[in-house]
Amino acid sequence: MNIEATLAQCVVEAVKSLYGADFNAEKIQLQKTRKEFEGDFTLVVFPFLSLSKKRPEDTAQEIGEFLKNNVPAISSFNVVKGFLNLAISPSYWIGLLNEIEKEEQWGITPADENSPLVMVEYSSPNTNKPLHLGHIRNNLLGYALSNIIAANGNKVVKTNIVNDRGIHICKSMLAWQKWGEGETPASSGKKGDHLIGDYYVAFDKHYKEELNELMEKGLSKEEAEAASPLMAEARGMLVKWEAGDKEVRALWEKMNNWVYEGFDETYKRLGVDFDKIYYESDTYLVGKETVLGGLEKGIFYRREDESVWADLTNDGLDEKLLLRSDGTSVYMTQDIGTAQLRFRDYPIDKMVYVVGNEQNYHFQVLSLLLDKLGFSWGKGLVHFSYGMVELPEGKMKSREGTVVDADDLMDEMIRTAKETSDELGGKLNDLTAEEKAEINRIIGLGALKYFMLKVDARKNMLFNPKESIDFNGNTGPFIQYTYARTRSIERKAAEAGVKLEMAVPDSISEKECGLIRMLNEFPAIVKEAGTDYSPSDIANYAYDLAKEYNQFYHDFSILKEENEAAKAFRVLLTRNVGKVIKTAMGLLGIEVPERM
């Protein structure tokens, strides 16, 4: 039981003893004491006034005296109006540090066979272009969320839905047919997703040239678009794909496989993965069947033009098209089909979709439709809605070929990490070139990931590569450097023969108590991050802990401390700060180097 739960139970006993009344421990309001007041935890006493029939100050004084006399962990208390500030004794914090030391995964609640199963969907790429900056934020958020949800005692399935069909895919295929001359990833030396992305851009370039020629002949833009032979060919290819044309399907499979190999390389490098991948080419027909089943049950209705709709006006929304008059599906139909397949594959208790905030309305509708179709988790599905990310230069535009490519951005981050490390000079001189390269990779990608995840996901953000890799301030490298510092101290302590079992000092400083207090908070931070779906809670906790430890390191001697018990204690404290930093950063998908 943590200190907050222990204190709450003791307050229940105090109220029973003082006022002869039972009180629900869950209703007790305990919070961290504000910095301007003395104490560790503050009890709000106003809820007890109806029982004590006394003034707030008198009630707080009585409860404080009872706790001081009956709870060894409480060393002192003070009353400020209706607030009781409780100070925890140093001996308690010393004991707590030893408890934290015994827990290899402090703050993590493992799942068991009865744990709920949560499915998290993220990434959702198109197979006509490489992953870009927006995908990076999506993947990092989805992967971190999955880890945080799992750390709260849930079973988690990480899933991806690949948009591998549609007119945009046919554009790349047609461009490769026309201008590719048999080019392959092997012959070009390009990743498959980059190669196909080039042909998507090539289609757009030729299409624009064609439109300009038609408009020069007197056609309006709309007329030119309708008359475009190139677009007509792309649409014709899509019709053939839908009909199962062998040649078109063979080309589609070949080019998609090139893209998947490229995606896999990017995912591996980014440090994210999936337990199950679904493909729209498999799900859209299932969605159509599910919608037709809903039509038969009277959940949906058909209009005169044969299109199928859902009437959600009684739910405060509008009417939603599910099947076009020609029987083809829309995105909503595909999402229903994907849900159907997932429900068959897994006993899902909760579904979390990591998708940008431009799709907020889509997921309101999807939630209602899934609920009407009988999916138990439909109404409670979570749309983890996040803001867009931009670079200082401006927004991304994929069709013009100016997309901020994920692979290029990772290369740039690792290059910047190397330049920054070289400027600092000397610290990695005794390492091999391979070891230096690995540390620069960890620093560069850590900077990228942390900068993306420290911001409240709901907000739009500006990603500044140079700012993210600063070794000072609220950055990934600062936290990584702090971890490397703790490991260095541990190594030197081991070489000096420091015995951690001697870590029982006579007294410890307020700064040391404060660090243990922060370690004690980690389980609650993990729980809150899971409840609120907030990776930024973990990120900013890791920064606060690193900042506090560096202040301690600056103010106190560790390995040069003459008192052996105090030295061992500070090494033990250092070791557990490092352990919790590593766990916190691990939840975010960020590696920490053993040395920097």
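Quick note, in numbering that gives the first Met the number 0, the sequence shown goes up one by one and the last residue is 595.
The beta-carbon is built from N, C-alpha and C at its ideal position, and this holds for glycine as well.
Since we're looking at a predicted model, the values are computed, not measured.
Asked                                                                                                                                                                                : Found
Taking all protein chains shown into account, do 16 or more other C-beta atoms lie within 10 angstroms of the C-beta of tyrosine 266, making it buried, or fewer, making it exposed? : buried
What does DSSP give as the partner residue(s) for arginine 301 in the beta ladder?                                                                                                   : Val307
Specify whether the region 93–111 and the region 512–521 touch according to this definition: at least 3 beta carbon pairs, one from each stretch, less than 8 angstroms apart.       : yes
Quick one: what does DSSP say glutamate 318 is sitting in, helix, strand or coil?                                                                                                    : strand
Among residues of its own chain, excluding the 5 on either side of valine 570, which ones have a beta-carbon nearer than 6 angstroms to its beta-carbon?                             : Ala492 and Val497
Output the distance between the C-alpha atoms of leucine 66 and valine 79, rounded to the nearest integer angstrom.                                                                  : 16 angstroms
Among residues of its own chain, excluding the 5 on either side of glutamate 232, which ones have a beta-carbon nearer than 7 angstroms to its beta-carbon?                          : Leu173
With 16 other CB atoms within 10 Å as the buried threshold, where does leucine 365 fall?                                                                                             : buried
Please classify arginine 301: is it buried, with 16 or more other beta-carbons within 10 angstroms of its beta-carbon, or exposed?                                                   : exposed
If distances are taken between C-alpha atoms only, which option among Asp469, Met451, His382 and Glu389 comes closest to glutamate 418?                                              : Asp469
Taking DSSP as the reference, what is the three-state secondary structure of asparagine 162?                                                                                         : strand
Assuming isoleucine 413 and arginine 440 make a contact with CB atoms under 8 angstroms, what is their CB distance in whole Å?                                                       : 5 angstroms
Apart from the five residues on each side of it in sequence, which residues of its chain come closer than 7 angstroms, Cβ to Cβ, to lysine 378?                                      : Ser366 and Asp370
Just verifying my parser: in three-state terms, what is the DSSP assignment at valine 388?                                                                                           : strand
Counting only runs of 4+ residues fully inside the region 214–288, write out the alpha helix (DSSP H) ranges in chain order.                                                         : 220–226, 228–241 and 245–269
Could you name the residues that DSSP lists as bridge partners for glycine 355?                                                                                                      : Tyr385
Give me the Cα-Cα distance between valine 285 and tryptophan 240, rounded to the nearest whole angstrom.                                                                             : 17 angstroms
Where lysine 581 and methionine 501 are concerned, what is the direct C-alpha to C-alpha distance, given to the nearest angstrom?                                                    : 25 angstroms
So within the region 324–373, which uninterrupted beta strand (DSSP E) runs reach at least 3 residues, ignoring any that extend past its ends?                                       : 349–355
I want to know whether the region 134–143 touches the region 169–185 - three or more CB-CB distances under 8 angstroms.                                                              : no
List the whole-angstrom C-beta distance separating asparagine 162 from asparagine 519, where the pair is believed to meet the contact cut-off of C-beta under 8 angstroms.           : No, asparagine 162 and asparagine 519 are not in contact; Cβ-Cβ is about 45 angstroms, not under 8 angstroms.
In the DSSP output, what is phenylalanine 82 paired with across the bridge?                                                                                                          : Val43 and Val79
If distances are taken between C-alpha atoms only, which option among Ile438, Arg484 and Leu586 comes closest to tyrosine 540?                                                       : Leu586
Give a yes or no on whether the C-beta atoms belonging to serine 384 and arginine 457 are separated by under 8 angstroms.                                                            : yes
Does DSSP classify isoleucine 148 as helix, strand or coil?                                                                                                                          : helix
Could you pull out every residue in the same chain whose Cβ sits closer than 6 angstroms to the Cβ of threonine 337, ignoring the five residues on either side in sequence?          : Ile160, Tyr277 and Thr282
Starting from valine 525, trace the beta strand (DSSP E) both ways and give me its first and last residue.                                                                           : No beta strand (DSSP E) contains valine 525, which is instead part of the alpha helix (DSSP H) from 509–531.
Out of Lys465, Pro129, Leu144 and His134, which one is the CA nearest neighbour of tyrosine 199?                                                                                     : Pro129
Taking just the CA atoms, how far does tryptophan 175 sit from leucine 194?                                                                                                          : 9 angstroms
In whole angstroms, give me the CA-to-CA distance for glutamate 64 and cysteine 9.                                                                                                   : 12 angstroms
Starting from the N-terminal side, write out each stretch of the alpha helix (DSSP H) that is 4 residues or longer and does not extend beyond the region 426–482.                    : 432–452 and 464–467
Does any residue of chain C have a CB that is nearer than 8 angstroms to the CB of glycine 106?                                                                                      : Chain labels in this structure do not include chain C; a single protein chain is all it has.
Could you please give the first and the last residue of the uninterrupted alpha helix (DSSP H) stretch that includes methionine 619?                                                 : This structure does not reach residue 619, given that the chain is present from 0 up to 595, and the question cannot be answered.
Hey, how far is the Cα of alanine 567 from the Cα of asparagine 471?                                                                                                                 : 28 angstroms
Taking buried to mean at least 16 other C-beta atoms within 10 Å of its own C-beta, is asparagine 575 buried or exposed?                                                             : buried
With leucine 558 as the anchor, note down where its alpha helix (DSSP H) starts and where it stops.                                                                                  : It is not in any alpha helix (DSSP H) - leucine 558 carries neither H nor E in the DSSP assignment.
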